[in-house]
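Participant: Please find one structure pasted underneath; my questions will follow.
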């Protein structure tokens, strides 16, 4: 993610303190948001991507964070319980967000979702606006107790970096990135939210 991870993490930590809690984090692989969990009793990190879990493991070792348990599995196969389930910018990627939230509620009394917000310019560029809208509707149907909207930016040194970042999103995302050809210092606004269910 080509954004200010430190600021994003501070915003999310201010929204909901996880200190002293057992947290099941969905989509935690990669470790870019590891600082969200620095004061937890235990972090159960679930990700179906072994390479992403390897990155998380390396990040945890580098920070001497020894309260993480890595679980390489599809979220729907996980039977571990926790005090909080956290979705790290992944609910919109799930084929059935409503089912994922239902599953999360069966594993913990509290569910936190950190994800892109509807109407985010970045989500449009990544060709994910429909997915984001679908996951937001699923959250609203579950009942959002509290929410906060944040504004950030995705920054890219040039078109090639942006193109490489959105390439996996398919031809629509590549088409939307095309007008940036030949440009440097690209800044795309990104709206994201925190929601407590």
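Residue numbers (our numbering): -18 to 178. Virtual Cβ for every residue (Gly too), placed ideally from N, Cα, C.
Going by the CB atoms, is the gap between residue 93 and residue -11 shorter than 9 Å?
Facilitator: Indexing the chain shown from 1 puts residue -11 at position 8. Indexing the chain shown from 1 puts residue 93 at position 112. Cβ atoms of residue -11 and residue 93: not closer than 9 Å.
Participant: Using the beta-carbon count (16 or more within 10 Å), is residue 179 buried or exposed?
Facilitator: Not covered by the structure: residue 179. The range shown for the chain is -18 to 178.
Participant: How many angstroms separate the CA atom of residue 14 from the CA atom of residue 42?
Facilitator: Counting from 1 along the chain shown, the entry for residue 14 is found at position 33. Counting from 1 along the chain shown, the entry for residue 42 is found at position 61. If I take the Cα positions, the gap works out to 14 Å.
Participant: Using three-state DSSP, classify residue 171 as helix, strand or coil.
Facilitator: On the chain shown, position 190 is the one that residue 171 refers to. Reduced to three states, the DSSP call for residue 171 is strand.
Participant: Determine the burial state of residue -7: buried for a count of at least 16 other Cβ atoms within 10 Å of its Cβ, exposed for fewer.
Facilitator: Locating residue -7 in the chain shown gives position 12, where the first residue counts as 1. Answer is buried; the Cβ neighbour count reaches 16.
Participant: So, helix, strand or coil for residue 25, using DSSP?
Facilitator: Your numbering for residue 25 matches position 44 in the chain shown. In this structure, residue 25 counts as strand in the three-state DSSP scheme.
Participant: Are the CB atoms of residue 147 and residue 89 within a distance shorter than 9 Å?
Facilitator: In the chain shown, residue 89 corresponds to position 108, counting from 1. In the chain shown, residue 147 corresponds to position 166, counting from 1. No, Cβ-Cβ distance for residue 89 and residue 147 is not below 9 Å.
Participant: Using the C-alpha atoms, what's the distance from residue 69 back to residue 96?
Facilitator: Within the chain shown, residue 96 is the residue found at index 115, counting from 1. Within the chain shown, residue 69 is the residue found at index 88, counting from 1. Between residue 96 and residue 69, the C-alpha separation is close to 7 Å.
Participant: Can residue 27 and residue 1 be called in contact, C-beta distance under 9 Å?
Facilitator: Counted from its first residue, the chain shown places residue 27 at position 46. Counted from its first residue, the chain shown places residue 1 at position 20. Not closer than 9 Å, so no.
Participant: For residue 35, name the three-state secondary structure that DSSP assigns.
Facilitator: Counted from its first residue, the chain shown places residue 35 at position 54. Correct three-state label for residue 35: helix.
Participant: Using 9 Å as the threshold, is the C-beta distance between residue 62 and residue 172 below it?
Facilitator: Position 81 of the chain shown holds residue 62. Position 191 of the chain shown holds residue 172. No. Outside cutoff.
Participant: Going along the chain, which residues of its own chain have a beta-carbon closer than 6 Å to the beta-carbon of residue 167, five neighbours each way excluded?
Facilitator: Taking the chain shown and counting its residues from 1, the one referred to as residue 167 is at position 186. These residues qualify, in order along the chain: 137, 143 and 161.
Participant: Going by the CB atoms, is the gap between residue 130 and residue 98 shorter than 9 Å?
Facilitator: Here the question's residue 98 lines up with position 117 in the chain shown. Here the question's residue 130 lines up with position 149 in the chain shown. Their beta carbons are under 9 Å apart, which means residue 98 touches residue 130 by this criterion.
Participant: Quick check on DSSP: helix, strand or coil for residue 63?
Facilitator: By 1-based counting over the chain shown, the position of residue 63 is 82. Coil, per DSSP.
Participant: Does DSSP put residue 134 in a helix, in a strand, or in coil?
Facilitator: As a first step, residue 134 must be located in the chain shown, where it is residue number 153. Residue state, collapsed to three classes: strand.
Participant: Among 104, 45 and 59, which has the Cα closest to the Cα of residue 86?
Facilitator: Stepping through the chain shown from its first residue, residue 86 is reached at position 105. Of the candidates 104, 45 and 59, the one whose C-alpha sits nearest the C-alpha of residue 86 is 59.
Participant: Here's the rule I'm using: 16 or more other beta-carbon atoms within 10 Å means buried, otherwise exposed. How should residue 12 be labelled?
Facilitator: Working through the chain shown from its first residue, we reach residue 12 at position 31. Burial call: buried.
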